[in-house]
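Below: one structure, written as structure tokens.
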Amino acid sequence: MANSEYRDEASTDIGRGPDFVFVSIGLFIILMAIGAVAFFGGFYVMDEWDSKDWPETEVLAIGQDYTADEGTQIFFYNYSVDGAEYNSTFSCDFNVHGESEQTQGGSGGVDPWQTQCLQDSEYYLDLESVAYNPDDPSEIDVYPGFTYRMIFEVYGPKLAPSVFILVGIVIALRGVFGPSFGPWAFVAGKIIGINGEITDLSSDESKE
Numbered sequence: 013m014a015n016s017e018y019r020d021e022a023s024t025d026i027g028r029g030p031d032f033v034f035v036s037i038g039l040f041i042i043l044m045a046i047g048a049v050a051f052f053g054g055f056y057v058m059d060e061w062d063s064k065d066w067p068e069t070e071v072l073a074i075g076q077d078y079t080a081d082e083g084t085q086i087f088f089y090n091y092s093v094d095g096a097e098y099n100s101t102f103s104c105d106f107n108v109h110g111e112s113e114q115t116q117g118g119s120g121g122v123d124p125w126q127t128q129c130l131q132d133s134e135y136y137l138d139l140e141s142v143a144y145n146p147d148d149p150s151e152i153d154v155y156p157g158f159t160y161r162m163i164f165e166v167y168g169p170k171l172a173p174s175v176f177i178l179v180g181i182v183i184a185l186r187g188v189f190g191p192s193f194g195p196w197a198f199v200a201g202k203i204i205g206i207n208g209e210i211t212d213l214s215s216d217e218s219k220e
């Protein structure tokens, strides 16, 4: 009789469909993570991939805004493409309280929504050419391409919230497939094992 009741409860759990609490929580985490990445500018990382094929043009003149906020550097570039002159700006930020206070770029973390300076101001002022978007020559890139430093120093903090997208997916799929869903079951098993070890240690200490 007991086995029959257990089978009835199990079949009810299987047939009742997704657990919408877990699905809702998972979707909420995914949306929040995507919003954070967008707010920090992480999706602009694809522009770096595109810029690896951008042509370069000679810089005619360079200026700097010395009235910018502390920790921010703004540069102005004048250049020519197919006989037409363009004026574009590039700005980046450095940590005024870190090592980069001395070099004005290249070290010291900044807030994720800011763009880390990878070089000091002299680098940007001495540029002889800039890469430009052939579809929109007013858009430039002072260090084009998908470089190691761009990924880890500039876009690493901006893309960090994307980890929670995976977390949200796991939680949402746990709601769809139940507690036996692979990644969820693995993590839950590890947590249960750790709790068991802690309980055993506590029991041994109490006996002593």
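Each residue of the sequence shown is one higher than the one before, counting from 13 in this note's numbering.
A virtual CB, placed ideally from N, CA and C, is assigned to each residue, including glycine.
Since we're looking at a predicted model, the values are computed, not measured.
Task: Per DSSP, cross-strand counterpart(s) of G75 - done: DSSP, once it has assigned bridges, lists F88 as partnering G75.
Task: Environment of W125 [buried if 16+ CB atoms lie within 10 Å] - done: Per the 10 Å Cβ criterion, exposed.
Open item on the list: With three or more C-beta pairs closer than 8 Å as the rule, is the region 42-49 touching the region 160-179?
Closed with: Under the Cβ criterion (8 Å, minimum of three pairs), the region 160-179 counts as touching the region 42-49.
Task: Buried or exposed by the 16-neighbour rule on C-beta atoms within 10 Å, applied to F202 - done: The sequence shown places Lys at residue 202, rather than the Phe named in the question. In summary, K202 is exposed, with fewer than 16 beta-carbon neighbours lying within 10 Å of its beta-carbon over all protein chains present.
Task: Nearest candidate by alpha-carbon position, reference N107, set F88, F87, Q131, T159 - done: That would be Q131, whose Cα lies nearest to the Cα of N107.
TODO: Give the single residue among A172, P195, N145 whose Cα lies nearest to the Cα of W61.
DONE: For W61, the nearest C-alpha among the options comes from N145.
Open item on the list: Comparing C-alpha positions only, which one of V57, I152, L137 sits nearest to A143?
Closed with: With distances taken between Cα atoms, A143 lies closest to I152.
- [ ] Enumerate in chain order the residues of its own chain whose CB-to-CB distance from P173 is below 6 Å, with the five nearest sequence positions on each side excluded.
- [x] Answer for P173: A45, A48, V49, listed in chain order.
Task: Pairwise C-alpha distance: A197 and G208 - done: About 16 Å.
TODO: Using the Cα positions of T127 and G38, report the straight-line distance between them to the nearest angstrom.
DONE: A straight-line Cα-Cα distance of about 30 Å links T127 and G38.
- [ ] Look at the Cβ atom of G98, then the Cβ atom of A73, and state whether they are nearer than 9 Å.
- [x] A small fix is needed here, since residue 98 is Tyr in this sequence, not Gly. Taking 9 Å as the cut-off, the Cβ atoms of Y98 and A73 do not count as close.
Task: Three CB pairs or more closer than 8 Å across the region 181-191 and the region 77-92 - done: Short answer: they don't touch.
Task: Of the residues F102, D123, P195, G190, the one placed nearest V35, counting alpha carbons only - done: Checking every option, the nearest Cα to that of V35 belongs to G190.
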